[in-house]
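One rule links them: number in my numbering = place in the sequence shown (from 1) + 580.
Step one of this worksheet: look at the structure below.
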Amino acid sequence: MKIQFHGAAREVGRSCISITTKNGNRYLLDVGIKFQEDGFSGPEGVTNVPGIKGVFLSHAHLDHSGGLPLFEHQKLKCPIFCTRQTFAITKILLKDSYKIARIKHTHPAYDKTDLVEVSKETEYVQYDKWYVHNDLKFKYLNAGHIPGSAMILIEADGKRILYTGDYNNKETELMYSAIVNKELTDKPIDVLITESTYGNRELPDRKLLNKQFIASVKKTISGGGSVLIPVFALGRAQETLIMLGKENLNCKIYLDGMAKTITKQIISTSSKYVKNKDLLSEIFFNKIEWISSPKRRNDAIRNGGIFITTSGMLQGGPVLEYLKELWHNPKNKLTLMGFQCKRTNGRHLVEEGFVYIDGWKTQVKCAVEKYDFSGHTDSEFIKKMVSTINPKMVFFQHGDEESVDILNQWAKKNIKGKTYAPSLGEIFEI
Ligand SMILES: [Zn+2]
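See below:
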């Protein structure tokens, strides 16, 4: 059997790994893209796309799913396996990224019909159930990362392979956590392919973070200010809604942007490992106000309150409309909820206190805070998982150079099996 890394190798983005069995059947684990300033890049070195026998999708984020229509354009002709929730959300995200590419005049390298083809080839799988496809068996396990997310356990050529996708071992307001269950320890795992996003650090205690966040929001509201919360439409938006909706806050909570569509989808699709779905539904339909027009947005800003909106790194979306009105008042607060990539407005704000609004470099006067409500696990748990599973081979991927190297060095000293931080295109014989 051969394993090749076509993306997310010493980087975050364009996750894609191929597995070729002894019979010569080729399968893909995820088909992601990586966003760049002038568009995006897809997986590298995937040849003969029509010959691929199956795609296993771990979750809906575009860095894992965004390349599907690209491959459809190259005549992918095989089942795309994923959970029902993953597919429902992927469909929304792919449609939206196609729309944005058209607006920005960056050719997405596929057509609208390719999006339809992705839908036709999708096959839903349930969690915790074995399936057989050609010469392999597979099972989806909860990854705790976002609704629908899964780790994928594969058995082929007498080997057991665990691909984690993105995972979180900490329970959140929205997701039950990923666990190292008996399935992963009773029978030996030959190959473990794990994400390494936070391979170089430990994350703070979630409950404590939640308390600090709520206290800070209350302080701003009681001081007569408004709170602007930029969020990612999927995961963080719903978690923020639940955290705030549970509290007795003396103000209105508004939701704007793509998060509305995604939240509706999460509520209407059943998923075993999504937590607090009824509560989310109650909050979404009865406790908050949706903003769907510039007029309502302006009225809301004038009245004040808590504004939850996309995009999470202040790169575009309605959040900039709010920021234009709120940045100059020190009573207001802007609260970032997670990791901010290099060269984004969010990162500029955290490190240097400014953002670009309509091309103008603006030194913001409102208060700025950042909380690490991550959907990923951290170095402590990755190490624990690798030690517990004790695989014959481990690959650290989906992390920047520093993260994968730190984990790889640690593993070389602490486990008996072979350990790697693979480079792009590298092939391994298993
Ligand atoms: Zn993800």
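We put the CB at the ideal spot given by N, CA and C, even for glycine.
The structure displayed is predicted, hence computed values, not measured ones.
DSSP places residue 756 outside both helix and strand once states are collapsed to three, so it counts as coil.
Excluding the 5 residues flanking it on each side, residue 757 has same chain C-beta neighbours closer than 7 angstroms at 724, 748, 749, 750, 751, in chain order. Contact check between the stretch 933-952 and the stretch 727-737: fewer than three CB pairs, one atom from each, fall below 8 angstroms, which does not count as touching. Put simply, the stretch 629-642 touches the stretch 605-616. At least three CB pairs are less than 8 angstroms apart. The three-state reading of DSSP puts residue 688 in coil, since its state is none of H, G, I, E or B. Residue 849 places its beta carbon 8 angstroms or farther from that of residue 640. With a threshold of 16 other beta carbon atoms within 10 Å, residue 1001 meets it and is buried. Its Cα nearest to that of residue 911, the residue 799 stands out among 799, 977, 928. Relative to ligand 1, even the nearest heavy atom lies 7 angstroms or more away from the CB of residue 980. Residue pairing for residue 596: DSSP places it in a beta bridge opposite 587.
For residue 790, the enclosing alpha helix (DSSP H) has its first and last residue at 786-802. Residue burial annotation: residue 665 is buried, with at least 16 other C-beta atoms found within 10 angstroms of its C-beta.
A Cβ closer than 5 angstroms to some heavy atom of ligand 1 marks a residue here, and those residues are 641, 746. Between the beta-carbon of residue 918 and that of residue 816 there is about 6 angstroms, and that keeps the pair under the 8 angstroms contact cut. Taking every protein chain shown into account, the CB of residue 960 has fewer than 16 other CB atoms within 10 angstroms, so this residue is exposed. Apart from sequence neighbours up to five positions away, the residues of its chain that approach residue 998 with a beta-carbon distance below 8 angstroms are 972, 973, 974, ordered along the chain.
Annotation: residue 703 to residue 713 spans about 11 angstroms, alpha carbon to alpha carbon. When rounded, the separation of the alpha-carbon atoms in residue 976 and residue 804 is 48 angstroms.
Per DSSP, the continuous beta strand (DSSP E) segment holding residue 973 begins and ends at 973-977. In this structure, residue 731 sits away from residue 716, with a CB-CB distance that is not shorter than 8 angstroms. In the structure shown, residue 731 falls within a strand segment according to DSSP collapsed to helix, strand and coil. The Cβ atoms of residue 773 and residue 597 lie closer than 8 angstroms to each other. In the structure shown, residue 955 falls within a coil segment according to DSSP collapsed to helix, strand and coil. Comparing alpha carbon positions, the residue from 675, 740, 981, 611 closest to residue 764 is 740. Between residue 614 and residue 1004, the alpha-carbon positions lie close to 13 angstroms from each other.
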